[in-house]
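Going left to right, the sequence shown walks through residues 1 to 266 as full-length UniProt numbering numbers them. Here the structure comes first, spelled out in structure tokens, and everything after it is commentary.
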Amino acid sequence: MKDIPATLAPRVASVLYLRLVDGAPAKRLAAALDRALSGWPADQRLVLEADGAAAVIGLGGPVAVLEAARRAARKDGLLIALHHGPVQLVRQDSGMQAMGEAMDTAAAAAVAEEGRPALRTTPQFDQALAGARRLRLHMVGAAGVVGLLALGGLGRTLRQRWSQPQLATLQLEIRPSGEIWVDGDLKGSTPPLSRMRIAAGAHTLEVRNGRFKPLRMEIRLEPGEEMTIRHEFRAAPPPAASRGTPPWTDRLRDRLRDGLPGWVPK
């Protein structure tokens, strides 16, 4: 683990926290963790443990974390919490440890209270799941630290996995067609392009179609967010037809030509 930096840059992530109900056998936690990780690509999550608890940090969007929680929740005896917030990995003598607001809040949410469900989501997780963009990267105290259980590889693999770009998705519904430009670079044409993955963050999006006025917008995407861009290029409507000379003007002109009663033209 000497090739891992002492501290990896913090990042916003979704956290699944599993805690045994008092008196539940330890093997139940291991079984729930196996269910949660089933079908979840190893390069998209980090797994950690503490006494009677485990946490999984999702490196993709919150949808995968929610699906894992649902798999884990198929059996009783567990308290499960989901949160979305900042996480930081720090190398210590005992190995890599995770800390930050996301770990603290998820751990605090997984507490048994009478009348409350065993699977809980925090408002921040619900907002992330819905594609809200109000989260800020803000590190708080080091409480709630958990130790590393398994990463499916250490060293450079951990650093690369943690530092890989966080992606979002654009769903393109452009009619009849258009060139897609992101931050001044041409990404392709739609059709055939209908979905594209781009780095989370702020971007300038432009859609061009020949002589039509291009669509330009500033967008900001959270990791794992999916945004739909809908636009239809339409020809400008033809200018309104002239209404012509009102009929009463023609009648007045005729009366003047024929002479009005009592009026003699000079």
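Cβ atoms here follow ideal geometry from the backbone N, Cα and C, with glycine treated the same way. Predicted model, so just to flag it, every value in this text is computed and none were measured.
Determine the direct distance from the alpha carbon of residue j to that of residue i, and round the result to whole angstroms.
i                 : j              : result
arginine 216      : glycine 61     : 26 Å
alanine 72        : histidine 203  : 37 Å
arginine 35       : alanine 235    : 54 Å
arginine 28       : leucine 37     : 14 Å
threonine 169     : proline 41     : 18 Å
glycine 58        : glycine 85     : 11 Å
isoleucine 80     : alanine 200    : 28 Å
arginine 230      : arginine 208   : 13 Å
glycine 188       : tryptophan 181 : 8 Å
glutamate 173     : proline 25     : 51 Å
leucine 18        : alanine 54     : 5 Å
phenylalanine 196 : aspartate 185  : Here residue 196 is methionine; the residue named in the question, phenylalanine, does not match the sequence. Straight-line Cα distance between these residues: approximately 14 Å.
residue 321       : valine 47      : Nothing in the structure corresponds to residue 321, since the chain is present only between 1 and 266.
proline 191       : arginine 220   : 24 Å
glutamate 179     : threonine 228  : 16 Å
glutamate 206     : proline 214    : 7 Å
serine 177        : glutamate 218  : 20 Å
glycine 39        : lysine 75      : 18 Å
glycine 210       : leucine 193    : 17 Å
How is the beta strand (DSSP E) around residue i delimited, first residue to last?
i          : result
leucine 66 : Here leucine 66 belongs to no beta strand (DSSP E); instead the alpha helix (DSSP H) covers 62 to 72.
glycine 58 : 53 to 58
alanine 13 : 11 to 20
Over what stretch of residues does the alpha helix (DSSP H) that includes residue i continue unbroken?
i          : result
leucine 37 : 26 to 37
What distance in whole Å lies between the Cβ atoms of residue j and residue i, which are believed to be in contact at a cut-off of 8 Å?
i             : j             : result
glutamate 232 : glutamine 171 : That pair is no contact at about 15 Å.
valine 56     : leucine 16    : 4 Å
leucine 167   : proline 223   : 7 Å
Counting contacts by CB-CB distance shorter than 9 Å, is residue i in contact with chain C?
i           : result
arginine 70 : Of the protein chains in the structure, only one exists, and it is not chain C.
So, residue i versus residue j, is the Cβ gap smaller than 9 Å?
i           : j          : result
leucine 20  : leucine 78 : yes
valine 87   : alanine 32 : no
arginine 45 : alanine 69 : no
Do residue i and the ligand GTP come close, with the Cβ less than 8 Å from some heavy atom?
i             : result
threonine 169 : Questions concerning the ligand GTP fall outside what the structure shown contains, since it holds no ligand whatsoever.
### Message
In chain order, what are the residue ranges of uninterrupted beta strand (DSSP E) at least 3 long that sit wholly in the stretch 175 to 244?
### Response
178 to 182, 185 to 190, 195 to 199, 201 to 208, 215 to 221, 226 to 232
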